[in-house]
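*Asks:* Handing you this structure, nothing more for now.
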Amino acid sequence: MNSARLLAPLLWLSLALVAGGIALRFPSAPPGQSLGPAAMPLLLSASLAGLALLSLLMDRGRPRPAAGGARRIAMDSPVVLVALCCAYLLLLPRLGFISSSALLVTVALRLFGYAGTPRALAIGLGLGFALHLVFSRLMGVPLPAGLLG
Amino acid sequence: MIEILRALPGLCLDPWIGLALLVGVLAGLLIGALPGFSATMGVAILIPFTFELSIMPALALLLGIYCGAVYGGSIPAILFRTPGTPASAATTFDGHPLALRGEAKRALGVAAVSALGGGVIGALLLIALAPQISSFALRFGPAEYFALAVFGLSMIVAASDGPPLKGLIVAVFGLLIATVGMDPLGGYPRFLFGSVSLMEGIPFIPALIGLFAIAEVLDGSPGKTAKNAAVGGSSLPSREDLRRCGWTIARSGALGTLVGSTPGAGSDIAAFLGYSTARSRARPGDRFGDGEVKGVAAPEAAKTASTSGAMIPLLSLGLPGDSVTAVLIGAFVLHGVQPGPLLFQQHAPLAYSILALVLCAHALVFLVAISGTRFLLGVTRLDPRILRVVILLLSLVGAFALRNNLADVWLAVAFGVVGLLLRRGGYPAAPLLLALILGPMAEENLRRALTLSGGDASVFFTRPLTAILLGLAVASVALAVLRRKAGPISPS
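The listed protein sequences correspond, in order, to chains A and B.
Counting from 438, one number per residue, gives the positions in the first sequence under this note's numbering.
Counting from 52, one number per residue, gives the positions in the second sequence under this note's numbering.
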């Protein structure tokens with residue numbers, strides 16, 4: 438069986454087992470109620486485990502897709518973008534909305550192959566200011582001010 | 052009806068009401084089009100702007116936002132496969148493939164006409180059938196609500212692309228995630244892992260933004276879309292499209308009104324039900340999932356009609372039909388209007404004016420949507436890389452704006468990763484979204500029903516409406532499995 442095909446059902450199964458294990462520690466039904474807080478998570482964990490096993494069984498014997506070779510991580514790959522989002526969220530309270538947004542936009546545009554850092558920075562600052570105006574000034578959302586605003 | 056006709060000229064001739072309605076519709080379209088901004092959030096945020104207005108302009112502004120936002124969510128759903136609101140998720144199934152084929156204008160035109168059709172049908176049904184529908188919805192007990200939630204989930208599993216088993220897995224996973232937070236009946240904290248932010252459960256808006264907007268950006272789809280969506284047809288649908296979609300709009304409009312009038316079942320369920328009903332009635336040659344205009348018309352008509360449906364329990368019983376009308380109740384009370392059974396008896400002109408406003412709002416949404424299509428399509432001519440970054444930044448800010456909480460933005464990014472993994476694994480994301488909406492309702496009513504019956508599970512099979520809904524749920528999934536085995540409907 439293809440390991441990639443096996444991975445998803447096994448992940449679902451693990452998730453179901455972990456959730457079910459945690460739910461087992463929830464208290465039983467309080468007086469006057471037929472079901473307690475554990476009932477629904479346990480029912481759903483069991484269902485998810487059952488469906489994952491069914492998925493494993495159904496995937497057996499299916500033709501395996503052509504295996505791809507080792508690939509380099511592209512500059513705009515999801516991994517890089519998620520890392521960029523995490524960096525943005527860590528910087529946001531410290532640098533403030535406009536500065537960190539300008540940085541996010543500049544770096545993201547460069548990763549996507551947009552030519553010219555000054556132009557990307559200008560777009561980032563423009564977007565940062567525009568969104569700050571709409572969200573903070575017009576809609577009253579208290580965006581993080583940070584050190585640089 | 053005569054009362055509505057009497058109220059219309061007064062509303063149309065009052066410049067302040069007209070202006071407030073136009074501003075509301077424009078704001079609603081913008082809010083709906085922004086990923087993460089729901090109609091609920093739009094109405095809630097803009098309520099303070101109505102403090103200084105008299106009652107009719109204030110209500111016109113709020114109803115304009117409501118109707119505009121419900122349609123507005125379909126614009127990014129069609130152009131970028133990024134639904135601005137949960138209810139627009141069903142529009143992506145066929146709207147986006149149309150845009151990819153270079154028929155974005157056609158898709159937006161069909162969406163606008165269907166929204167108008169559904170809105171008018173819904174408003175007419177609201178006027179004609181309000182007492183009957185609301186009395187029907189009043190009969191619902193916990194067992195029926197549980198069955199309704201299961202039915203809603205089964206429909207989306209059946210309507211999703213890919214094997215129904217994968218849809219079922221995602222739906223159950225979504226229901227499991229929906230149990231995070233305080234237990235709805237006893238208040239026991241579950242799966243919090245020390246996080247206070249999760250006490251109220253997984254916030255829906257960040258999950259929506261992550262699954263549908265951030266996952267898109269991570270996958271690189273907005274860029275792909277913008278490149279191909281710029282080739283246009285006409286803004287108004289052709290006669291052929293109108294002929295093909297006429298019955299679909301009428302049926303979905305009636306269905307949407309019924310769903311909308313059921314408390315707890317909002318425009319999102321209406322849209323998915325409208326879509327799955329249209330898909331289940333597909334004819335040979337229909338290309339559902341691959342850019343079928345009926346696949347755009349059905350959810351659009353159903354969700355717009357559901358706004359009128361949601362007004363039925365709101366106006367006649369004082370009960371919210373969905374989250375937006377729950378916020379609207381507060382706004383009505385703020386302006387001295389107490390929705391409920393006495394409204395039509397004691398303030399009949401006001402009540403009928405509100406109904407007339409709903410009609411006017413739908414008409415104005417249509418006019419703005421049609422005349423603004425050129426401008427909306429202009430967005431697609433932007434550099435796809437810039438568009439991708441704008442969507443990413445808007446998504447992150449939108450997630451923050453909900454509760455001014457950075458934890459929500461982290462959650463949105465996490466759901467973005469989940470959405471991407473689901474997509475790469477061939478799992479549909481829509482059942483997860485619906486499970487998050489319906490999960491709390493399903494659990495609360497399951498436990499209530501069993502408590503009321505003394506733990507006797509036969510309550511779900513002996514009550515006729517519950518048995519019918521659960522039977523339909525099983526049948527819809529079974530039908531999807533059989534259809535999958537028989538092969539796709541679409542010639543593609």
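Backbone N, C-alpha and C define an ideal beta-carbon position, used for all residues, glycine too.
L452 (chain A) and V441 (chain B) - do their beta-carbons sit closer together than 8 Å?
*Replies:* For this step, residue 441 (chain B) is matched to residue 390 along the second sequence. For this step, residue 452 (chain A) is matched to residue 15 along the first sequence. Not a contact, by the Cβ cut-off of 8 Å.
*Asks:* Would I488 (chain B) and D234 (chain B) qualify as a contact pair, given that the criterion is a beta-carbon distance under 8 Å?
*Replies:* By one-based count along the second sequence, residue 488 (chain B) stands at place 437. By one-based count along the second sequence, residue 234 (chain B) stands at place 183. Cβ atoms of I488 (chain B) and D234 (chain B): not closer than 8 Å.
*Asks:* Got a sec? Which residues, its chain only, sit under 8 Å from R547 (chain A) by beta carbon, not counting five neighbours each side?
*Replies:* As a position in the first sequence, residue 547 (chain A) is number 110, starting the count at 1. Answer for R547 (chain A): T554 and A557, listed in chain order.
*Asks:* Check whether the Cβ atoms of G225 (chain B) and P491 (chain B) lie closer than 8 Å to each other.
*Replies:* Taking the second sequence and counting its residues from 1, the one referred to as residue 225 (chain B) is at position 174. Taking the second sequence and counting its residues from 1, the one referred to as residue 491 (chain B) is at position 440. No, the Cβ-Cβ distance between G225 (chain B) and P491 (chain B) is not below 8 Å.
*Asks:* Would you kindly work out how many angstroms separate the C-alpha atoms of G283 (chain B) and R152 (chain B), rounded to a whole number?
*Replies:* For this step, residue 283 (chain B) is matched to residue 232 along the second sequence. For this step, residue 152 (chain B) is matched to residue 101 along the second sequence. Interpretation of G283 (chain B) is limited by its pLDDT of 46, a score under 50 that renders its predicted location unreliable; the figure taken from the coordinates is listed afterwards. Roughly 9 Å separates the two Cα atoms.
*Asks:* Near V545 (chain B), what residues of its chain come up, given a Cβ to Cβ distance below 8 Å and the 5 sequence neighbours on each side ignored?
*Replies:* Here chain B covers residues 52 to 543 and nothing more, so residue 545 (chain B) does not appear.
*Asks:* Under 8 Å: do the stretch 113-122 of chain B and the stretch 76-86 of chain B share three or more Cβ pairs, one atom per stretch?
*Replies:* The answer is yes - the stretch 76-86 of chain B touches the stretch 113-122 of chain B, with three or more Cβ pairs under 8 Å.
*Asks:* Does the pairing of the stretch 161-173 of chain B with the stretch 471-485 of chain B give three or more beta-carbon distances under 8 Å?
*Replies:* Verdict: no, contact absent.
*Asks:* Within 10 angstroms of the Cβ of R241 (chain B), are there 16 or more other Cβ atoms? Answer buried if so, exposed if not.
*Replies:* Here the question's residue 241 (chain B) lines up with position 190 in the second sequence. Per the 10 Å Cβ criterion, buried.
*Asks:* If contact means a Cβ-Cβ distance below 7 Å, which residues of the stretch 202-230 of chain B contact chain A?
*Replies:* Answer set for the stretch 202-230 of chain B: L216, L219, I220, V223, F224, L226, L227 and T230.
*Asks:* Name, please, each residue of chain A whose Cβ falls closer than 7 Å to the Cβ of G476 (chain B).
*Replies:* Along the second sequence, read from residue 1 onward, the residue named residue 476 (chain B) stands at position 425. Correct list: A445.
*Asks:* Please give me, in chain order, every unbroken run of the alpha helix (DSSP H) with length at least 4 that falls completely inside the stretch 479-542 of chain B.
*Replies:* DSSP runs (the alpha helix (DSSP H)) wholly in the stretch 479-542 of chain B: 481-503, 510-513 and 515-537.
*Asks:* Give the residues of chain A in contact with D234 (chain B), contact being defined as C-beta atoms less than 7 Å apart.
*Replies:* In the second sequence, the residue the question calls residue 234 (chain B) occupies position 183. Residues of chain A passing the Cβ test: P474.
*Asks:* For M362 (chain B), which of helix, strand or coil comes out of DSSP?
*Replies:* To locate residue 362 (chain B), count along the second sequence from 1; it is residue 311. DSSP places M362 (chain B) in helix when its eight states are reduced to three.
*Asks:* Which of the three DSSP states is assigned to R334 (chain B) in this structure?
*Replies:* To locate residue 334 (chain B), count along the second sequence from 1; it is residue 283. Coil, per DSSP.
*Asks:* Can you name the residues of chain A whose CB is closer than 7 Å to the CB of V76 (chain B)?
*Replies:* Start at 1 with the first residue of the second sequence, and residue 76 (chain B) comes out as number 25. Near V76 (chain B) there are no residues of chain A at all, since even the closest Cβ is about 17 Å away, more than 7 Å.
*Asks:* Is there a Cβ of chain A sitting closer than 8 Å to that of G237 (chain B), yes or no?
*Replies:* Walking along the second sequence from the start, residue 237 (chain B) turns up at place 186. Interface residue, yes.
*Asks:* I'd like to know whether the C-beta atoms of A111 (chain B) and F511 (chain B) end up nearer to each other than 8 Å.
*Replies:* Walking along the second sequence from the start, residue 111 (chain B) turns up at place 60. Walking along the second sequence from the start, residue 511 (chain B) turns up at place 460. Taking 8 Å as the Cβ cut-off, A111 (chain B) and F511 (chain B) do not qualify as a contacting pair.
*Asks:* Excluding the 5 residues preceding and the 5 following L448 (chain A) in the sequence, name in chain order all residues of the same chain whose CB lies nearer than 7 Å to its CB.
*Replies:* Taking the first sequence and counting its residues from 1, the one referred to as residue 448 (chain A) is at position 11. Counting only Cβ-Cβ distances below 7 Å, and skipping sequence neighbours, we find nothing.
*Asks:* Which residues mark the beginning and the end of the alpha helix (DSSP H) in which S303 (chain B) is found?
*Replies:* Position 252 of the second sequence, counted from the first residue, corresponds to residue 303 (chain B). Its alpha helix (DSSP H) spans residues R290 to G311.
*Asks:* Can you check whether the C-beta of R535 (chain B) is within less than 8 Å of a C-beta belonging to chain A?
*Replies:* Counting from 1 along the second sequence, the entry for residue 535 (chain B) is found at position 484. Taking Cβ atoms only, chain A never reaches closer than 8 Å to R535 (chain B), which makes this a no.
*Asks:* Out of curiosity, what's the CA-to-CA distance linking Q397 (chain B) and V384 (chain B)?
*Replies:* Along the second sequence, one-based indexing puts residue 397 (chain B) at 346. Along the second sequence, one-based indexing puts residue 384 (chain B) at 333. Approximately 15 Å between the Cα atoms of the pair.
*Asks:* Which residue marks the beginning of the alpha helix (DSSP H) containing Y122 (chain B), and which one marks its end?
*Replies:* The residue labelled residue 122 (chain B) in the question sits at position 71 within the second sequence. I106 to G123 is the span of the alpha helix (DSSP H), which, as asked, contains Y122 (chain B).
*Asks:* What do you reckon, are the CB atoms on V344 (chain B) and D292 (chain B) nearer than 8 Å?
*Replies:* For the purposes of this step, residue 344 (chain B) is taken as residue 293 along the second sequence, with counting starting at 1. For the purposes of this step, residue 292 (chain B) is taken as residue 241 along the second sequence, with counting starting at 1. Yes. Within cutoff.
*Asks:* Quick one: residues in its chain with C-beta nearer than 7 Å to the C-beta of A507 (chain A), no 5 flanking neighbours on either side, listed in chain order?
*Replies:* Taking the first residue of the first sequence as 1, we reach residue 507 (chain A) at position 70. Residue placement at A507 (chain A) is poorly supported in this model, since its pLDDT is 49, which falls under 50; the coordinates still yield a value, given next. Once the five neighbours on either side are set aside, A507 (chain A) has no close Cβ partner at all.
*Asks:* The alpha helix (DSSP H) with S482 (chain A) in it runs from where to where?
*Replies:* For the purposes of this step, residue 482 (chain A) is taken as residue 45 along the first sequence, with counting starting at 1. Note, S482 (chain A): alpha helix (DSSP H), A476 to D496.
*Asks:* Please confirm whether P350 (chain B) and R157 (chain B) have their CB atoms less than 8 Å apart.
*Replies:* The residue you call residue 350 (chain B) lines up with position 299 of the second sequence. The residue you call residue 157 (chain B) lines up with position 106 of the second sequence. Contact flag unset, no.
*Asks:* Quick one: which residues of the stretch 477-501 of chain A get their C-beta closer than 8 Å to a C-beta of chain B? List them in chain order.
*Replies:* So the list reads M477, P478, L481, S482, S484, L485, L488, A489, L491, S492 and M495, given in the order they occur along the chain.
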